[in-house]
Amino acid sequence: MLVQLFREVNDMLCSYTAKYTRLADGYMGQLIEWPEVVTEGSDLDECRIMLRDALREMVLAYRELGKEIPSNNALIEQLPVEIDLVSEPA
Numbered sequence: 016m017l018v019q020l021f022r023e024v025n026d027m028l029c030s031y032t033a034k035y036t037r038l039a040d041g042y043m044g045q046l047i048e049w050p051e052v053v054t055e056g057s058d059l060d061e062c063r064i065m066l067r068d069a070l071r072e073m074v075l076a077y078r079e080l081g082k083e084i085p086s087n088n089a090l091i092e093q094l095p096v097e098i099d100l101v102s103e104p105a
């Protein structure tokens with residue numbers, strides 16, 4: 016019974032990857048795995064709060080519409096590039 020409860024709790028808990036972009040007047044936050052979840056805030060803390068709220072609202076909307084909630088299966092990696100070595104194609 017304890018194992019079943021653990022599985023149910025894990026099935027309910029999803030983590031998403033947030034990306035924050037600095038704007039002229041604050042920050043924009045967006046979820047990598049669910050790009051429709053996007054918001055802005057005047058500072059990073061406000062943006063985080065707003066993004067969590069936007070995520071909750073989107074989950075509710077998707078449930079009401081019977082749509083599948085995107086899973087948290089994104090692969091995130093850094094791609095380095097030496098900007099000075101990039102040139103126009105011939």
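In our numbering, each number is its position in the sequence shown, counted from 1, plus 15. Each residue gets a CB set at the ideal place from its N, CA and C atoms; glycine is no exception.
- Local conformation of L90 per DSSP, three classes: Looking at L90 - three-state DSSP - the assignment turns out to be coil, as it is neither helix nor strand.
- Measuring CB to CB, does T54 end up less than 8 angstroms from G44? Yes, the pair counts as a contact, with Cβ atoms nearer than the cut-off.
- If you compare alpha carbons, which of M73, Y42, E72 and W49 is closest to D58? Each of M73, Y42, E72 and W49 was checked against the Cα of D58, and the nearest Cα belongs to Y42.
- Item | Among A89, E103, L80 and V96, the one whose alpha carbon lies nearest that of E48 | Measuring from the Cα of E48, the nearest candidate turns out to be A89.
- Query: When burial is assigned at 16 or more other CB atoms within 10 Å of the CB, is W94 buried or exposed?
  - Reply: Correcting the residue identity first, residue 94 is Leu in this sequence and not Trp. Its Cβ having fewer than 16 others within 10 Å, L94 is exposed.
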